[in-house]
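Asks:
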Amino acid sequence: MFEDLKPAPADKILALIGLYRADPRPDKVDLGVGVYKGRDGKTVVMRAVREAEKRLLQAQDTKTYLGLAGDTGFNTAMVKLAFGLGADMTRIRAAQAPGGSGALRLVAELLKRTRSDPTVWLSDPTWPNHMPVMRAAGLQIREYPYFDAASGAVRFDDMLAALRTASDGDVVMLHGCCHNPTGANLDAAQWQAVTDLVVERGLLPFVDIAYQGFGDGLEADALGLRLLAAKVPEMVVASSCSKNFAVYRDRVGAAMILAKDGGQADVAMSQMLSAARAMYSMPPDHGAAAVRIVLEDDALRADWEAELEEMRLRMLRLRVQFAEALRRQSNSDRFDFVASHRGMFSRLGLTEAQVERLRVEHGVYMVGDSRINVAGLPEDRMDELAKAIVSVLD
Ligand SMILES: Cc1ncc(COP(=O)(O)O)c(C=O)c1O
Numbered sequence: 072m073f074e075d076l077k078p079a080p081a082d083k084i085l086a087l088i089g090l091y092r093a094d095p096r097p098d099k100v101d102l103g104v105g106v107y108k109g110r111d112g113k114t115v116v117m118r119a120v121r122e123a124e125k126r127l128l129q130a131q132d133t134k135t136y137l138g139l140a141g142d143t144g145f146n147t148a149m150v151k152l153a154f155g156l157g158a159d160m161t162r163i164r165a166a167q168a169p170g171g172s173g174a175l176r177l178v179a180e181l182l183k184r185t186r187s188d189p190t191v192w193l194s195d196p197t198w199p200n201h202m203p204v205m206r207a208a209g210l211q212i213r214e215y216p217y218f219d220a221a222s223g224a225v226r227f228d229d230m231l232a233a234l235r236t237a238s239d240g241d242v243v244m245l246h247g248c249c250h251n252p253t254g255a256n257l258d259a260a261q262w263q264a265v266t267d268l269v270v271e272r273g274l275l276p277f278v279d280i281a282y283q284g285f286g287d288g289l290e291a292d293a294l295g296l297r298l299l300a301a302k303v304p305e306m307v308v309a310s311s312c313s314k315n316f317a318v319y320r321d322r323v324g325a326a327m328i329l330a331k332d333g334g335q336a337d338v339a340m341s342q343m344l345s346a347a348r349a350m351y352s353m354p355p356d357h358g359a360a361a362v363r364i365v366l367e368d369d370a371l372r373a374d375w376e377a378e379l380e381e382m383r384l385r386m387l388r389l390r391v392q393f394a395e396a397l398r399r400q401s402n403s404d405r406f407d408f409v410a411s412h413r414g415m416f417s418r419l420g421l422t423e424a425q426v427e428r429l430r431v432e433h434g435v436y437m438v439g440d441s442r443i444n445v446a447g448l449p450e451d452r453m454d455e456l457a458k459a460i461v462s463v464l465d
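Numbering (our numbering), first residue to last: 72 to 465.
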């Protein structure tokens, strides 16, 4: 049965982790894997989540099935987090999903079941898992230009020009905030322009929001999503708690539908849940239950928001320090964009060969497309790191 199988290509980021672990150099620097790390390089369990888990352990007296949509309190709290307190709950439905990836797949399966068998437009570049997940659901894929590597800016005019060629009923995937892998985001005026275009052309926005609270703050990071929600008749959202609640391995996410009216929302939800039933039946409970406890309890929520804000401000500080060190070491403003980017990632614009030299000659690990995890920047060795980067430029 298995003799004809060829090995699946290795995941580049996972392979990089292996190389990093095997590197004996004590001063090696890990800017690769996309997980938030504190100053000591550790990814901690957040205080409020730990407390919620304790409460859960004490209060939970059954582990019987919850249902296809998972924890309904969690789903409502996640909708409010994304769409805001004024969310039009009459037209929105949500299902708990196994992580943001599970939510993406669930929404993709729903889209596949619609009459138009739509094409999904992805930003170029985008998170490497977007394409496989959309393909696995059988959707057609097109790409729109997004990032100018030379300036570190969004190629906004090119993005709009490409999306103007999309057909009525096509789906546009947008990173809600903190674009992965570039860190380059749309500003409010650009979100407004995208919203106008989406309405004018009859496109369906599909917002992937995996870093809410990592960019400009919990509310500010949802600005684009909310601008869209106020104007479009329909949209879909995949959200993840992996990063902002640091519950990576517990697999916590939500798939959301905003429909034209409550009746259509119910039908779409029933199709999404039937897709869930065929894939994994019901989502894992633990992490989502802990997140729900945090979001529903004023004190725990305040503590979670405070800790998240510390993480966000730390990443912003590191961005500024790194951009300043690069300016000193390169005597140029080439890397200034790092300070204005938001979220956990920036793409430095180095070639694969330069990235490889950084790894081999300096023990600096980043993804081959020169994406760095800002949370991994070494606070006390910024100039040393900047010097190493500048040394491979020629
Ligand atoms: C853009 C984007 N979307 C979704 C996800 C989903 O992550 P998870 O499935 O771990 O929740 C990630 C994680 O890296 C991401 O970067």
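All residues carry an ideal CB built from backbone N, CA and C; glycine is no exception.
A quick note: this is a predicted structure, and the numbers were derived from the prediction, not measured.
#1: Going by DSSP, what residues sit across from Gln-211 in a beta bridge?
#2: State whether the region 127-137 contacts the region 269-284, with contact taken as three or more CB pairs (one from each stretch) at a distance under 8 Å.
#3: Compute the minimum distance between the beta carbon of Trp-192 and the heavy atoms of ligand 1, and state whether it is under 7 Å.
#4: Taking 8 Å as the CB-CB cut-off, is Ala-325 touching chain C?
#5: Helix, strand or coil for Phe-416? Go by DSSP, reduced to three states.
#6: Which residue from Val-438, His-412, Arg-405, Leu-76 puts its Cα closest to that of His-250?
#7: With 16 other CB atoms within 10 Å as the buried threshold, where does Arg-390 fall?
#8: Measure the alpha-carbon distance for Met-350 versus Lys-113 and round it to whole angstroms.
#9: Leaving out the 5 sequence neighbours to the left and right, which residues in its chain are closer than 6 Å to Glu-180 when beta-carbon positions are compared?
#10: Unbroken alpha helix (DSSP H) runs of length 4 or more, entirely within the region 318-368: which are they?
#11: Taking the CB atoms as reference points, tell me whether Ile-460 and Leu-387 lie closer together than 8 Å.
#12: Specify the secondary structure class of His-250 as computed by DSSP and reduced to three states.
#13: As an exercise, report each continuous alpha helix (DSSP H) stretch of at least 4 residues that is fully enclosed by the region 86-164, in chain order.
#14: Using 10 angstroms around the beta-carbon of Asp-321, count the other beta-carbons present and answer buried if the total reaches 16, otherwise exposed.
#15: Mind checking whether the beta-carbon of Asn-251 lies closer than 7 Å to any heavy atom of ligand 1?
#16: Spatial neighbours of Gln-211 within its chain, please: CB distance less than 6 Å, with the 5 preceding and 5 following residues excluded, ordered by chain position.
#17: Bridge partners of Met-244, per DSSP?
#18: Report the rounded CA-to-CA distance for Leu-193 versus Glu-214, giving the unit in angstroms.
#19: Would you say Lys-99 and Gly-439 are within 8 Å of each other, going by their C-beta atoms?
#20: Might you give, ordered along the chain, the residues of its own chain that have their beta carbon closer than 7 Å to the beta carbon of Asp-101, omitting 5 neighbours on each side?
#21: With a threshold of 16 other CB atoms inside 10 Å of the CB of Thr-161, please say whether the residue is buried or exposed.
#22: If you follow the alpha helix (DSSP H) that Val-409 is in, where does it begin and where does it stop?
#23: Tell me which residue opens and which closes the alpha helix (DSSP H) that Val-269 is part of.
#24: Look up Arg-442 in the DSSP assignment and say whether it is helix, strand or coil.
#25: Taking the alpha helix (DSSP H) that Ala-459 belongs to, which residues open and close that run?
#26: Assuming Phe-145 contacts Arg-405 under a Cβ cut-off of 8 Å, what Cβ separation, rounded to an integer in Å, is found between them?
#27: Measure the alpha-carbon distance for Leu-344 versus Ala-166 and round it to whole angstroms.
#28: Buried or exposed: where does Leu-329 fall if 16 or more other Cβ atoms within 10 Å of its Cβ makes it buried?
#29: With distances taken between CB atoms, is the gap from Asp-188 to Tyr-217 smaller than 8 Å?
#30: Please report the distance separating the alpha-carbon of Glu-376 from that of Asp-465.
#31: Where Glu-455 and Val-116 are concerned, what is the direct C-alpha to C-alpha distance, given to the nearest angstrom?
#32: Apply the 10 Å Cβ neighbour rule to Asp-356 and answer buried if 16 or more other Cβ atoms are within range, or exposed otherwise.
#33: Around the Cβ of Pro-354, are there at least 16 other Cβ atoms within 10 angstroms (buried) or fewer (exposed)?
#34: Secondary structure at Gln-392, three-state DSSP: helix, strand or coil?
#35: Report the option in Glu-381, Asp-258, Gly-103 whose CA atom is closest to the CA atom of Leu-296.
Replies: Reading it off the structure:
#1: Locating residue 211 in the sequence shown gives position 140, where the first residue counts as 1. Residue pairing of Gln-211 in beta bridges, as defined by DSSP: Thr-190.
#2: As far as the Cβ criterion goes, the region 127-137 does not touch the region 269-284, which means the pair count is below three.
#3: Working through the sequence shown from its first residue, we reach residue 192 at position 121. False, no ligand heavy atom lies under 7 Å from that Cβ.
#4: Structure shown: chain C not included; a single protein chain is present.
#5: Your numbering for residue 416 matches position 345 in the sequence shown. DSSP, reduced to helix, strand and coil, places Phe-416 within a strand of the structure shown.
#6: As a first step, residue 250 must be located in the sequence shown, where it is residue number 179. If we check each option's Cα against that of His-250, His-412 comes out closest.
#7: As a first step, residue 390 must be located in the sequence shown, where it is residue number 319. Buried: at least 16 other Cβ atoms inside 10 Å.
#8: By 1-based counting over the sequence shown, the position of residue 350 is 279. By 1-based counting over the sequence shown, the position of residue 113 is 42. Linking Met-350 to Lys-113 through their CA atoms gives a straight-line distance of about 33 Å.
#9: Indexing the sequence shown from 1 puts residue 180 at position 109. Same-chain partners within the cutoff: Ala-208, Ala-346.
#10: Every alpha helix (DSSP H) of 4 residues or more that sits fully in the region 318-368 is shown, in chain order, as 333-350, 357-367.
#11: As a working mapping, residue 460 is identified with position 389 in the sequence shown. As a working mapping, residue 387 is identified with position 316 in the sequence shown. Taking 8 Å as the cut-off, the Cβ atoms of Ile-460 and Leu-387 do not count as close.
#12: Working through the sequence shown from its first residue, we reach residue 250 at position 179. Coil, per DSSP.
#13: Correct list: 118-130, 143-154.
#14: Within the sequence shown, residue 321 is the residue found at index 250, counting from 1. The residue is buried, with at least 16 neighbouring Cβ atoms inside 10 Å.
#15: For the purposes of this step, residue 251 is taken as residue 180 along the sequence shown, with counting starting at 1. A distance criterion of 7 Å places the beta-carbon of Asn-251 in contact range of ligand 1, judged by its closest non-hydrogen atom.
#16: Position 140 of the sequence shown holds residue 211. Counting only Cβ-Cβ distances below 6 Å, and skipping sequence neighbours, we find Thr-190.
#17: Counting from one through the sequence shown, the residue named residue 244 turns up at place 173. According to DSSP, which records beta bridges pairwise, Met-244 is partnered with Phe-277.
#18: Here residue 193 refers to the residue found at position 122 of the sequence shown. Here residue 214 refers to the residue found at position 143 of the sequence shown. Straight across, the Cα-Cα distance linking Leu-193 with Glu-214 is about 5 Å.
#19: Counting from one through the sequence shown, the residue named residue 99 turns up at place 28. Counting from one through the sequence shown, the residue named residue 439 turns up at place 368. No; because the gap between Cβ atoms is not below 8 Å, this pair is not in contact.
#20: In the sequence shown, the residue the question calls residue 101 occupies position 30. Listed in chain order, the non-local C-beta contacts of Asp-101 below 7 Å within the same chain comprise Tyr-91, Tyr-436, Gly-447, local neighbours out to five positions each way being set aside.
#21: Here residue 161 refers to the residue found at position 90 of the sequence shown. Per the 10 Å Cβ criterion, exposed.
#22: Locating residue 409 in the sequence shown gives position 338, where the first residue counts as 1. DSSP places Val-409 in the uninterrupted alpha helix (DSSP H) bounded by 408-411.
#23: Looking up residue 269 in the sequence shown gives position 198. Val-269: member of the alpha helix (DSSP H) spanning 259-272, first to last residue.
#24: Locating residue 442 in the sequence shown gives position 371, where the first residue counts as 1. DSSP places Arg-442 in strand when its eight states are reduced to three.
#25: For the purposes of this step, residue 459 is taken as the residue at position 388 of the sequence shown. Run containing Ala-459: 453-462, per the alpha helix (DSSP H) assignment.
#26: Counting from one through the sequence shown, the residue named residue 145 turns up at place 74. Counting from one through the sequence shown, the residue named residue 405 turns up at place 334. That pair is no contact at about 44 Å.
#27: Indexing the sequence shown from 1 puts residue 344 at position 273. Indexing the sequence shown from 1 puts residue 166 at position 95. Whole-angstrom Cα-Cα distance: 8 Å.
#28: Position 258 of the sequence shown, counted from the first residue, corresponds to residue 329. By the 10 Å Cβ count, Leu-329 comes out buried.
#29: Taking the sequence shown and counting its residues from 1, the one referred to as residue 188 is at position 117. Taking the sequence shown and counting its residues from 1, the one referred to as residue 217 is at position 146. Tyr-217 sits away from Asp-188, with the two beta carbons spaced by 8 Å or more.
#30: Here residue 376 corresponds to residue number 305 of the sequence shown, with the count starting at 1. Here residue 465 corresponds to residue number 394 of the sequence shown, with the count starting at 1. If you draw a straight line from the Cα of Glu-376 to the Cα of Asp-465, it is about 44 Å long.
#31: Sequence index remark: in the sequence shown, residue 455 carries index 384 (1-based). Sequence index remark: in the sequence shown, residue 116 carries index 45 (1-based). Roughly 30 Å between the two C-alpha positions.
#32: Residue numbering aside, residue 356 sits at position 285 when the sequence shown is read from its first letter. Classification of Asp-356: buried, given that the 10 Å Cβ count is 16 or more.
#33: Here residue 354 corresponds to residue number 283 of the sequence shown, with the count starting at 1. Note on Pro-354: 16 or more other CB atoms within 10 angstroms of its CB, so buried under the neighbour-count rule.
#34: Counting from 1 along the sequence shown, the entry for residue 392 is found at position 321. Three-state DSSP puts Gln-392 in a helix.
#35: To locate residue 296, count along the sequence shown from 1; it is residue 225. That would be Asp-258, whose Cα lies nearest to the Cα of Leu-296.
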